[in-house]
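Below is one structure, written out as structure tokens; comments come after it.
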Amino acid sequence: MAKVEKRALKRTSETSAKTPEPKNPKNNPKNYVASVGKAFAVLKSFTSEAFELTLSEVAARADLDRGTTFRLIQTLIELGYLQAVPQSRRFRLGVACLDLGYTVLSHGSLRTIVEPMLRDLVPEAGDAASLGMLDGGDVIYLARVSAGL
Numbered sequence: 001m002a003k004v005e006k007r008a009l010k011r012t013s014e015t016s017a018k019t020p021e022p023k024n025p026k027n028n029p030k031n032y033v034a035s036v037g038k039a040f041a042v043l044k045s046f047t048s049e050a051f052e053l054t055l056s057e058v059a060a061r062a063d064l065d066r067g068t069t070f071r072l073i074q075t076l077i078e079l080g081y082l083q084a085v086p087q088s089r090r091f092r093l094g095v096a097c098l099d100l101g102y103t104v105l106s107h108g109s110l111r112t113i114v115e116p117m118l119r120d121l122v123p124e125a126g127d128a129a130s131l132g133m134l135d136g137g138d139v140i141y142l143a144r145v146s147a148g149l
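Right, here's the structure in full:
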């Protein structure tokens, strides 16, 4: 039985370095699916500054090995969440990502959607958490939650 426990501990420490940790530590780690976390790490590799990425760039940003990254990319392409850029070795987010975003936005205002997230941030951030956007040199606050509210 000691071997089984050692093996489980080793496996946990190996995977925790490569996969994102569950956001809420109160959740049972047995409910966390590492491969899903890795797939989202691949998707989150793409940003407005890094719109198109190579396999190596995605692997580095997601902190995954190239083989795993390749298989995840191929799966995400098949599902429509990524697409290969023609005439290159680059990838970009696919239209299925837009579908998810539109679904969220179509069922409530941005304020309604982000306020629960901001409330979760207040204990970590201190007095308040805000969502804003830049308008030239100014910030326009779209939502704000203060401590105690």
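If you count by the UniProt record's numbering, then the sequence shown holds residues 1 to 149, one letter each, in order. Glycine included, C-beta positions come from ideal geometry on N, C-alpha and C.
Worksheet item: I think residue 143 touches residue 131, with their Cβ atoms under 8 Å apart; what is that distance to the nearest whole Å?
Response: By one-based count along the sequence shown, residue 143 stands at place 143. By one-based count along the sequence shown, residue 131 stands at place 131. Indeed, because the Cβ distance is near 5 Å, the residues count as touching under 8 Å.
Discussion item. My parser needs the beta strand (DSSP E) runs of 3 or more residues fully inside the region 18–78; what are they?
Written reply: Counting only runs of 3 or more, we get nothing.
Fill in: 6 Å CB neighbourhood of residue 52 in its chain, flanking five on each side removed
Here residue 52 is taken as the residue at index 52 of the sequence shown, counted from 1. In its chain, beyond the 5 residues on either side, 85, 90 and 92 have a beta carbon closer than 6 Å to the beta carbon of residue 52.
Worksheet item: On the three-state DSSP scale, how would you describe residue 120?
Response: What you label residue 120 is simply residue 120 of the sequence shown in a count that begins at 1. Looking at residue 120 - three-state DSSP - the assignment turns out to be helix.
Worksheet item: With burial defined as no fewer than 16 other Cβ atoms inside 10 Å of the residue's Cβ, what is the status of residue 38: buried or exposed?
Response: In the sequence shown, residue 38 corresponds to position 38, counting from 1. Around the beta carbon of residue 38, 16 or more other beta carbons lie within 10 angstroms, which makes this residue buried.
Worksheet item: Is there contact between the region 68–78 and the region 100–110, where contact requires at least three CB pairs shorter than 8 Å?
Response: By the Cβ criterion, the region 68–78 is not in contact with the region 100–110, since fewer than three pairs of Cβ atoms, one from each stretch, lie closer than 8 Å.
Worksheet entry | Member of 140, 71, 116 and 145 whose CA lies at the smallest distance from the CA of residue 128 | Looking up residue 128 in the sequence shown gives position 128. That would be 145, whose Cα lies nearest to the Cα of residue 128.
Discussion item. Assuming the contact rule is C-beta atoms closer than 8 Å, residue 47 and residue 59 should be a hit. Round their C-beta distance to whole Å, please.
Written reply: Mapped onto the sequence shown, residue 47 falls at position 47. Mapped onto the sequence shown, residue 59 falls at position 59. With 8 Å as the limit, residue 47 and residue 59 do not qualify as a contact, their Cβ atoms being about 16 Å apart.
Fill in: Reduced DSSP secondary structure (H/G/I, E/B, other) of residue 137
Your numbering for residue 137 matches position 137 in the sequence shown. In the structure shown, residue 137 sits in coil (DSSP, three-state: anything other than H, G, I, E or B).
Worksheet item: To which residues does DSSP link residue 93 through a beta bridge?
Response: In the sequence shown, residue 93 corresponds to position 93, counting from 1. Paired residue(s): 82.
Discussion item. Quick check on residue 106: does DSSP put it in helix, strand or coil?
Written reply: The residue given as residue 106 occupies position 106 in the sequence shown. Helix at residue 106.
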